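> In our numbering, the protein residues as written are 260 to 537. After the structure tokens below, expect a handful of questions from me.
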């Protein structure tokens, strides 16, 4: 077992290790792949196994308004560290990364990335690896009906669930590149009509500010009051960070108002933690 691999749960770990080794052996059948690399924990773990299998990797990251700065930065750091060919595409399109809302005109994220791959001659002949769990693949099929012909859903096809990805991410200590993020920024909006670039950036900036203040598990949800103009930041924190937040109320208020929020409130709802999944 490598220096960067730890045992998190002895009972679960034995079967997980055998399963992981089988995945690596199967991945070794690919000489070269383009990998959709978002910087989320799923893609970090997937690309780590590709490296372990000796696959030549070309990473592609779609940097759009629903993607947090921390995810893009993590993807860049990882690829720079291991010398991975990395193409970051800056786009102003609203492309949903994980949870797919039921709205008209939804852009197919996998086919959009596939279009960029096909437009690059040196990559166009290569398959696109989509680092998705079973749940994400099923959600995608429910929304778009079929999988793109040039895509490989290797991990979903081999039965990896979200909890398996979380376990693998922590087992291989990939948090050293930045903690597992809170996913697509669109998840912070209960009203899809408010999904505008300026509001997405407000949420991202607010979460980055809170992380810089030591509240690295904070999620900032975007709301407006009945006047449709007054903005409200609903800050959700895990229980173990709430006491710290109460001591920093004035600093938090000042920081989030600096992100153009009018009002700030603390969400006291219980939220399951996923530091280790078993």
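Every residue, glycine too, gets a C-beta built ideally from N, C-alpha and C. Treat the numbers as computed from the prediction; the structure is a model and nothing was measured.
Excluding the 5 residues flanking residue 409 on each side, which residues of the same chain have their C-beta closer than 7 Å to its C-beta?
Numbered from its first residue, the chain shown carries residue 409 at position 150. 373, 386 and 387, listed in sequence order.
> Per DSSP, residue 481 forms a beta bridge with which residues?
As a working note, residue 481 is residue 222 in the chain shown. Looking at the DSSP assignment, residue 481 forms a beta bridge with 448 and 492.
> For residue 471 and residue 494, which I take to be in contact (beta-carbon distance under 8 Å), what is that distance rounded to the nearest angstrom?
In the chain shown, counting from the first residue as 1, residue 471 sits at position 212. In the chain shown, counting from the first residue as 1, residue 494 sits at position 235. Not quite, the Cβ-Cβ distance comes to about 14 Å (not below 8 Å), so this is no contact.
> Can you name, in chain order, every residue of its own chain whose Cβ lies under 8 Å from the Cβ of residue 391, other than the five neighbours on each side?
Position 132 of the chain shown, counted from the first residue, corresponds to residue 391. Contacts found: 301, 399, 412, 414 and 415.
> Would you tell me roughly how many angstroms separate the C-alpha atoms of residue 338 and residue 484, rounded to the nearest one?
Taking the chain shown and counting its residues from 1, one reaches residue 338 at position 79. Taking the chain shown and counting its residues from 1, one reaches residue 484 at position 225. Whole-angstrom Cα-Cα distance: 42 Å.
> I'd like to check one pair, residue 320 with residue 297: are the Cβ atoms closer than 9 Å?
Within the chain shown, the letter at position 38 stands for residue 297. Within the chain shown, the letter at position 61 stands for residue 320. Yes, the pair counts as a contact, with Cβ atoms nearer than the cut-off.
> Would you call the region 340-354 in contact with the region 461-476, where contact means no fewer than 3 C-beta pairs closer than 8 Å?
As far as the Cβ criterion goes, the region 340-354 does not touch the region 461-476, which means the pair count is below three.
> Just curious, the alpha helix (DSSP H) that residue 395 is in, first and last residue?
Here the question's residue 395 lines up with position 136 in the chain shown. 393-403 is the extent of the alpha helix (DSSP H) around residue 395.
> Would you mind working out which of 481, 311, 473 and 384 sits nearest residue 456, comparing C-alpha positions?
As a working note, residue 456 is residue 197 in the chain shown. Considering only alpha carbons, the answer is 481.
> Whole angstroms are fine: how far does the CA of residue 428 sit from the CA of residue 434?
Numbered from its first residue, the chain shown carries residue 434 at position 175. Numbered from its first residue, the chain shown carries residue 428 at position 169. Cα-Cα distance, rounded: 7 Å.
> Mapping DSSP to helix, strand and coil, what is residue 273?
For the purposes of this step, residue 273 is taken as residue 14 along the chain shown, with counting starting at 1. Here residue 273 sits in helix by DSSP.
> Can the beta-carbon of residue 331 be found closer than 9 Å to that of residue 309?
Here residue 331 is taken as the residue at index 72 of the chain shown, counted from 1. Here residue 309 is taken as the residue at index 50 of the chain shown, counted from 1. Cβ distance not < 9 Å, so residue 331 and residue 309 don't count as in contact.
> On a Cα-Cα basis, can you pick out the residue from 397, 364, 350 and 393 that is closest to residue 375?
The sequence position of residue 375 within the chain shown is 116, counting from 1. Per the Cα distances, 350.
> Give me, in chain order, the residues of the same chain whose beta-carbon lies closer than 6 Å to that of residue 396; leave out the 5 immediate sequence neighbours on both sides.
Along the chain shown, read from residue 1 onward, the residue named residue 396 stands at position 137. 412 and 415, listed in sequence order.
> With a CB to CB cut of under 6 Å and the five nearest residues on each side skipped, what residues in its chain are close to residue 522?
Taking the first residue of the chain shown as 1, we reach residue 522 at position 263. Counting only Cβ-Cβ distances below 6 Å, and skipping sequence neighbours, we find 491.
> Can you tell me which of the three DSSP states residue 351 falls into?
Numbered from 1 along the chain shown, position 92 holds the residue referred to as residue 351. In this structure, residue 351 counts as coil in the three-state DSSP scheme.
> So, for residue 403: in the same chain, excluding its five sequence neighbours on each side, which residues have a beta-carbon less than 6 Å away from its beta-carbon?
Locating residue 403 in the chain shown gives position 144, counting from the first residue. Closer than 6 Å at Cβ, skipping near neighbours: 367.
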